[in-house]
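Here the sequence shown is numbered in the working numbering, starting from 1 and rising by one per residue.
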Amino acid sequence: MKRKFQIALLTSSCLMLTAATSFAEDIDKIAQANAGRFGVWTILPPLLAIVLAFITRNVVISLFLGLFSGSFMLAILETNPLKALVFAFLDLVQRALNSLADPWNAGIVLQVLIIGGVINLVAKMGGAKAIAEALASKAKTSKGALFITWLLGLLVFFDDYANSLIVGPIMRPVADKMKISREKLAFIIDATAAPIAGIAIISTWIGLEVGLINDAFKSIHVDVDAFGVFLNTIPYRFYNIFILLFIVVLIVLARDFGSMRKAEYNTFHKSDNKTEEEIRLAEELDDLAPMEGVELSIWNAIIPIGTLIISALVAFYYSGYSSIMGGDNKELINLLNSHPFGLMAIKECFSASDASTALFQSALFASIVAIAMAYFKKIFTVSQSIEIWIDGMKTLVITGVILILAWSLSSVIKEVGTAKFMIKYLSNTLPPFLLPSLIFVLGAIISFSTGTAYGTMGILMPLAIPLAHSINPDMSYIVVATSAVLTGAIFGDHCSPISDTTILSSMGAGCNHIDHVKTQMPYALFIAGITIVFGYIPAGMGLPFYIILPIGVVAIAIITRFIGKKVEEPIQTK
Numbered sequence: 001m002k003r004k005f006q007i008a009l010l011t012s013s014c015l016m017l018t019a020a021t022s023f024a025e026d027i028d029k030i031a032q033a034n035a036g037r038f039g040v041w042t043i044l045p046p047l048l049a050i051v052l053a054f055i056t057r058n059v060v061i062s063l064f065l066g067l068f069s070g071s072f073m074l075a076i077l078e079t080n081p082l083k084a085l086v087f088a089f090l091d092l093v094q095r096a097l098n099s100l101a102d103p104w105n106a107g108i109v110l111q112v113l114i115i116g117g118v119i120n121l122v123a124k125m126g127g128a129k130a131i132a133e134a135l136a137s138k139a140k141t142s143k144g145a146l147f148i149t150w151l152l153g154l155l156v157f158f159d160d161y162a163n164s165l166i167v168g169p170i171m172r173p174v175a176d177k178m179k180i181s182r183e184k185l186a187f188i189i190d191a192t193a194a195p196i197a198g199i200a201i202i203s204t205w206i207g208l209e210v211g212l213i214n215d216a217f218k219s220i221h222v223d224v225d226a227f228g229v230f231l232n233t234i235p236y237r238f239y240n241i242f243i244l245l246f247i248v249v250l251i252v253l254a255r256d257f258g259s260m261r262k263a264e265y266n267t268f269h270k271s272d273n274k275t276e277e278e279i280r281l282a283e284e285l286d287d288l289a290p291m292e293g294v295e296l297s298i299w300n301a302i303i304p305i306g307t308l309i310i311s312a313l314v315a316f317y318y319s320g321y322s323s324i325m326g327g328d329n330k331e332l333i334n335l336l337n338s339h340p341f342g343l344m345a346i347k348e349c350f351s352a353s354d355a356s357t358a359l360f361q362s363a364l365f366a367s368i369v370a371i372a373m374a375y376f377k378k379i380f381t382v383s384q385s386i387e388i389w390i391d392g393m394k395t396l397v398i399t400g401v402i403l404i405l406a407w408s409l410s411s412v413i414k415e416v417g418t419a420k421f422m423i424k425y426l427s428n429t430l431p432p433f434l435l436p437s438l439i440f441v442l443g444a445i446i447s448f449s450t451g452t453a454y455g456t457m458g459i460l461m462p463l464a465i466p467l468a469h470s471i472n473p474d475m476s477y478i479v480v481a482t483s484a485v486l487t488g489a490i491f492g493d494h495c496s497p498i499s500d501t502t503i504l505s506s507m508g509a510g511c512n513h514i515d516h517v518k519t520q521m522p523y524a525l526f527i528a529g530i531t532i533v534f535g536y537i538p539a540g541m542g543l544p545f546y547i548i549l550p551i552g553v554v555a556i557a558i559i560t561r562f563i564g565k566k567v568e569e570p571i572q573t574k
């Protein structure tokens, strides 16, 4: 009996693996069918993961149970509950393996680990502390420190992952010295990651965005310059623009509200009695302290991190250049041959690049440079440097685990049909001027539930552009609807607890992940509301962006001024 069960289990596992291949070929039809079968239950996996993340404050357990619930839902369609539990576990394991086997995901995990190694080397060489002291000398106040953090976030514009992992470790000691909460630091890092990368003309996002725009217009047989449409959407990317300017408003007014206000107040009035969480974070900072006897030098940070940034840009260009020159697009090949370093050529190369591989290459090269520096400056031997480098990776292993679980959850959510269900039942007929707002809300809900901006863009873009064209074929109206897709997707990528960028921002700032999500959520929702009321509703009525943007910023400043409070003011308790 036992042997028969083992054979049945093995056979079923093989069938599931075979089915996974066929699923990949027609996943949209499967998702549509499952959305009809499960109905409202399709929202269970992401909802369970999100709710448990807030309750348990353990994102690994939450993601695991959310993923398992989705796998169980798929398995229960084919067998009884007892066997479904076994098959759900097998499916969960296979999804995790598939996530890590994907070259893009593997590259992200590797570059996260290696950047951790680089940061640890920079810290042990005294570079991080030297930079922190130099910045602290410039940042005489908390406002200065916050503004420098914001500025650094804008400078690392080319990739949201790189932003989260570079800015956080550099600014963490400065923020602590200026009594800025880790939650505030994590928010600024997160709010300058995806929002700036999503609108940058040269970034790792642009290839996907331009490609989706091009495909959607092709589906309605309209010939457009997809990159030109992308450029036209930038002034209408209201959430991205407003969240970036909102940070400046917070800094200038020195006011906060919601749970962020409480975090800032507690940090400012911190007593000598530390909580367990504060002790853990302090120990983490001690791990980044320079080795005893090492002479502090900002060049021990500037050279390795500068190498990381510059080599990343070079790697993006080379990756895209190789892809284009190895392809069959004669027009692009001629462009690169005639003007290889022109703005358009660089844009095309970045669009065609394999960002995951490029970041891995640049992180590895920066590691080699850091190790060589430590050796030639007689700070460490090569063996010591490699040991420190590997030790730095260990601190980010948990990040790799979370990313794999988040990707796996995303795959099961797609197959269960969560997004299809939401689109079907939330997209009711509305007046034309409300369509951009509806698209933004749908994008925000889907991206928050799934934790992926890319997936949300891929789901909504093929629907939004044809729908907008059918309602109003005027190109300016379609551009506003297109921007709503891209911006709505950014909302979830910015603030969802299962978003990889949110996770990396928490790690980079040394902040408890759930505390980061809870404190930035009121800010994200506030800007989302401003985006709808002062952004997409007026834009849907035809109001130009050069009128909308100033009005929106003034509204942000006025509301923040009246509902926000300074950190010195006591918190009112009942």
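Where a beta carbon is used, it is the ideal one built from N, C-alpha and C, also for glycine. Remember, predicted model here, so these are calculated numbers, not experimental data.
DSSP three-state label for D91, please.
helix
If we count the other Cβ atoms within 10 Å of its Cβ and call it buried at 16 or more, is L97 buried or exposed?
exposed
Same chain, Cβ closer than 6 Å to T42, five either side skipped, listed in chain order:
A35, V416, G417, T418, F421
I'd like the list of long-range same chain contacts for A555, defined as Cβ closer than 7 Å, with 5 residues on each side in sequence excluded.
I530, F534
Is K377 helix, strand or coil by DSSP?
coil
What are the uninterrupted segments assigned as alpha helix (DSSP H) that are 4 or more residues long and contained completely in the stretch 382-463, given in chain order?
Annotation note: the stretch 382-463 contains the following uninterrupted alpha helix (DSSP H) runs of length 4 or greater, listed N- to C-terminal: 382-394, 397-416, 418-426, 435-450.
Beta-carbon proximity check, L78 vs I180, cutoff 9 Å:
Here residue 78 is Glu; the residue named in the question, Leu, does not match the sequence. Between E78 and I180, the CB-CB gap reaches or exceeds 9 Å.
For L364, which residues of its own chain have a beta-carbon under 7 Å away from its beta-carbon, when the five flanking residues on both sides are left out?
I114
Please report the distance separating the alpha-carbon of G258 from that of P522.
6 Å
DSSP three-state label for D28, please.
helix
Quick one: what's got a C-beta closer than 6 Å to F268's C-beta in the same chain, skipping five residues either side?
K179, V567
Distance, Cα to Cα, A88 vs I61?
16 Å
Near T456, what residues of its chain come up, given a Cβ to Cβ distance below 6 Å and the 5 sequence neighbours on each side ignored?
G443, I446, S447, A489
Please determine whether the Cβ atom of I558 lies at a distance below 8 Å from any heavy atom of the ligand MN.
Annotation note on the ligand MN: not contained in the displayed structure, which lists no ligands.
Between W389 and I371, which are expected to be in contact by the criterion C-beta below 8 Å, what is the C-beta distance as a whole number of angstroms?
That belief holds up - the Cβ atoms of W389 and I371 are roughly 7 Å apart, short of 8 Å.
Sort P497, A49, S319 by Cα distance to S351 and report the nearest one.
Ranked by how close their Cα comes to the Cα of S351, the residues P497, A49, S319 have S319 in first place.
Taking the straight line between their C-alpha atoms, what separation do you get for L396 and L335?
41 Å
Contact check, L67 vs S408, beta carbons under 9 Å
yes
For V156 and A366, I'd like the C-alpha separation in whole angstroms.
16 Å
Do the stretch 237-246 and the stretch 484-498 make contact, defined as three or more Cβ pairs closer than 8 Å?
yes
Own chain, CB closer than 8 Å to D272, minus 5 neighbours either side, in chain order
Residue placement at D272 is flagged as unreliable, the pLDDT there being 49, under the threshold of 50; the coordinate-derived value follows with that caveat. Closer than 8 Å at the Cβ level, and outside the excluded window around D272, lies no residue.
Going by C-alpha distance, which of Q32, P173, K177, R182 is nearest S506?
R182
Determine the closest residue to A194 out of L212, S356, D500, with distance taken between C-alpha atoms.
Minimum Cα distance to A194 is reached at D500.
What's the call for E348, buried or exposed, on a 16-neighbour Cβ count within 10 Å?
buried
Could you name the residues of the same chain whose beta carbon sits closer than 6 Å to that of N300, not counting the 5 residues immediately before and after it, in chain order?
M125, G126, G127
Spell out a yes or no on whether the stretch 321-331 and the stretch 70-86 are touching, meaning 3 or more CB-CB pairs, one atom from each, closer than 8 Å.
no
Between S297 and the rest of its own chain, which residues show a CB-CB distance below 7 Å, the 5 nearest in sequence each way excluded?
G126, G127, A130
Quick check on this structure: which residue in V249, L463, Y454, F316 has the alpha carbon closest to the alpha carbon of I346?
The shortest Cα separation from I346 among V249, L463, Y454, F316 belongs to F316.
Assuming contact is defined by CB atoms lying nearer than 9 Å, are T307 and V401 in contact in what I supplied?
no
I563 in three-state terms, based on DSSP:
helix
8 Å Cβ shell around L100 - same chain, five flanking residues per side excluded:
So the list reads A106, V109, I404, once near-sequence residues are dropped.
Where D215 falls: helix, strand or coil (DSSP)
Helix, per DSSP.
So, for F433: in the same chain, excluding its five sequence neighbours on each side, which residues have a beta-carbon less than 6 Å away from its beta-carbon?
Its chain contains G540, M541 as the residues whose beta carbon lies nearer than 6 Å to that of F433, once the 5 sequence neighbours on both sides are disregarded; these appear in chain order.
Using only the alpha-carbon positions, how far apart do L146 and A139 sit?
9 Å
Report yes if the C-beta distance between A200 and N214 is below 9 Å; otherwise report no.
Contact annotation: A200 and N214 have beta-carbon atoms that are not nearer than 9 Å.
Consult DSSP for D256 and reduce its assignment to one of helix, strand or coil.
In the three-state scheme derived from DSSP, where H, G and I count as helix and E and B as strand, D256 is classed as strand.
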